[in-house]
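Residue numbers (this note's numbering), protein chains in the order written: chain Z, 1 to 255; chain G, 1001 to 1360.
Where is the CB? At the ideal position from N, CA and C, for every residue including glycine.
Comments concern the structure below.
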Amino acid sequence: MSAVAATPQLELRGVTKRFGGVAAVDGVNFEVAKGDIVGIIGPNGAGKTTLLNCISGIHHLDSGDIRWEGASIAGMAPHRIANLGIGRTFQIVKPFGSMTARENVAIGALFGSAHMRRGMKQAFALADEVLELVGLKAKADQPVSALTIPDRKRLEVARAVATRPQLLLLDEVMAGLNNVEIDEALEMVRSVHATGVTVLLIEHVMRVIVGVCRRAIVLDSGRVLAEGEPEVVLRDERVIEAYLGERYAKRLKSS
Amino acid sequence: MIATAASNRRRQRIFLIAGAILAAYALLAPLTSLDAAQSANVPLLADKFWFQIATNIAMFIVMATAWNIIGGITGYAAFGNVAFFGIGAYTTGMLIAKAKWPFLLALPLAPVVAAAFAALVGLPLLRLRGHYFAVASLGVGVAVGELVQNIDYAGQPVFGGASGLFLPIFRIDNRGLFFFYLMSAAAALSIAVTWWMLRSRLGYGLIAIRENEEAASVLGVNTTAYKVAAFALAAALTGLAGGIFSQWNVFVNQDNVFPITYNIQMILMALLGGTGTVFGPATGAVLLYLLIQFLGGTLPISFDLPFVSSDARPIVAQVILGLLLVVVVIFVPRGVIDFFGGRTRLSVAYLRRSLRETSL
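Spelled out as structure tokens, the structure:
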């Protein structure tokens, strides 16, 4: 798959979202090419999650435009954006508590992009396929309450993957996981990306950004501070000042 | 301690068979009142009074089961569903009394008008969540009844006003039996709709909305359309029961088709039986209706409550009912149907677990 396409798959132009007087996202511009895997980093309150909420239609923009394959999706309802092929996860997982893991994933398959071509049987078959991909097959029939935290994060990703997205927005799926679990989750993200899905992920764990992302976008106070290859961006003076602190900078230089 | 899967299945089968036998008896016993049965010396198992009670139970089964679609499956606590009952009753009533339509032609319009009204008010109302929706829907429930009674045109009440609507009697042999079976058919239909829903795309979408509306929307569920569909479906079934009631009762006014108490009763029936399930609301309707009538002293099987004069009886009945429902909500949050599924039994451990679940 090619990293650069003629028209970008996703294009943000001057995206601005205010809460009261505070601009949580302030004139953000960037593009994501089809098949790319891009990381968004930035300190707490930088506007990362707000930006994801803007793309997935949960927030209405105050100004600017978001284009999907050349056409504006600003102001569209979340379900229509999902049906276009943009899937997402939530940082604080939002499982359907009364359902089994399999049913949770089937919701994505039943309602996601091109869902009308999928009957109940096909949707559950797709759910089983996705559960296998994320490594939850053995726990398919367990209720959500029986799942561990890492498994709930997998479920969150599985549900979004089952919508058959062309672009997947991941909001800190690694947060709260230990090192072994992060490696497993990384493997999961890689295998989803390998199926041809563009990935845009928010992450605090630098290992993840350096490990899987081809490009990183640094947000600070709602603005894009730096953009480029992860290793280069993480060495950028402004980024280090704004976010990483000197200790990390020293470690980075010595390594 | 923990019952084995095999014994659970056996228990579930026993409850299913017992339920089927009860339903079969309830549906077949009235046939013994037919002239043909009487002349063949079949013992009379159900008389007119019995039809009255059984038809009312079937009516509440429809209302509780329909409420479950919006309140139980979708998770939007509608407190004004009696509006749909009244709208259904007045639709059929007006068509028969004023437009002289035959009953069987006027009846299908009751669910249609009720559903259309629900879709109309649902669009703004279902944007509200939690308590706000509950209060707003209660307001609609009260307002519709008042409007229907008080709308005048050229000095004449449009819908019969305070004196209500009088319908001509529907001429058919064994009228009581006819309306009992018609209402039972509506009850069966509402249960069948619920059963189908819980296996369909619609049902999965609604449960997703109940469990987490935001997650449902980003997974592609058109939450507005689904909520309005659930509200309209609940309204259609409730309206159907109202339509049947109007011709059965031959008199329709604000008091008998818009009673606020129905709002409460249908919700309590669904809670008592088990919300979100297929048979829970119906089970709750049977139990609670019989209990209300028993406490009120209107059942043939009755006895004097100790220390209670007959004047105070209705009040004491309300108090007992209220206490019972508090206990049920706290200790049996998933409804009595939970005990019939075969997985759980009523035990002290169960009550303690429930208390933990329902308290902060």
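Residues of chain G with a Cβ closer than 7 Å to the Cβ of Z:Pro78 are, in chain order, Ser1217, Val1218. Taking a Cβ-Cβ threshold of 7 Å, the residues of chain Z close to G:Asn1222 are His79, in chain order.
Sequence-distant Cβ neighbours of G:Leu1268 in its own chain, meaning closer than 7 Å and more than five residues away, are Leu1288, Leu1325. Ranking Z:Gln9, Z:Phe124, Z:Val15, Z:Leu52 by CA distance to the CA of Z:Gly70 puts Z:Gln9 first. Along the segment 1198–1218 of chain G, the positions whose C-beta sits under 9 Å from a C-beta of chain Z are Arg1199, Ser1200, Arg1201, Tyr1204, Gly1205, Ile1207, Ala1208, Arg1210, Glu1211, Asn1212, Glu1214, Ala1215, Ala1216, Ser1217, Val1218, read in chain order. Between the segment 1075–1095 of chain G and the segment 1225–1245 of chain G, the count of C-beta pairs closer than 8 Å reaches three or more; the two stretches touch. Here the alpha carbon of Z:Lys94 sits roughly 14 Å from the alpha carbon of Z:Gly87. Looking at the backbone, the Cα of G:Gln1012 and that of G:Gly1019 are separated by about 10 Å. DSSP lists Z:Leu219 as the bridge partner or partners of Z:Val224.
Under the 10 Å beta carbon count, Z:His79 is surrounded by 16 or more other beta carbons and is classified as buried. Between the segment 1277–1287 of chain G and the segment 1049–1066 of chain G, the count of Cβ pairs shorter than 8 Å is three or higher; the stretches touch.
For the pair of segments examined, the segment 1159–1171 of chain G was found not to touch the segment 1027–1044 of chain G: the number of CB pairs separated by less than 8 Å stays below three. Only residues of its own chain outside the window of five on either side were considered, and among them Gly1145, Val1148, Gln1149 have a CB closer than 7 Å to the CB of G:Gln1254, listed in chain order. Around the beta carbon of G:Asp1152, fewer than 16 other beta carbons sit within 10 angstroms, so the residue counts as exposed. The C-beta of Z:Ile58 comes closer than 8 Å to at least one C-beta of chain G.
Counting the other CB atoms within 10 Å of its CB gives Z:Arg102 a total of 16 or more, which places it among the buried residues.
With the rule of 3 Cβ pairs closer than 8 Å, the segment 1316–1330 of chain G counts as touching the segment 1290–1306 of chain G. Considering only Z:Gly21, Z:Ala82, Z:Val15, Z:Glu203, the residue with the shortest C-alpha distance to G:Ala1215 is Z:Ala82.
Listed in chain order, the non-local C-beta contacts of Z:Ile37 below 7 Å within the same chain comprise His193, Val199, Val212, Cys213, Arg214, local neighbours out to five positions each way being set aside. Taking the Cα of G:Ile1096 as reference, the smallest distance to any Cα among G:Thr1238, G:Asp1047, G:Val1252 is reached at G:Val1252.
Across the segment 139–152 of chain Z, no CB contact with chain G closer than 7 Å is found for any residue. In this structure, DSSP gives G:Thr1074 a state outside helix and strand, which the three-state scheme calls coil. Z:Phe111 places its beta carbon 8 Å or farther from that of G:Gly1093. When Cβ-Cβ separations below 8 Å define contact, Z:Gly112 makes contact with chain G.
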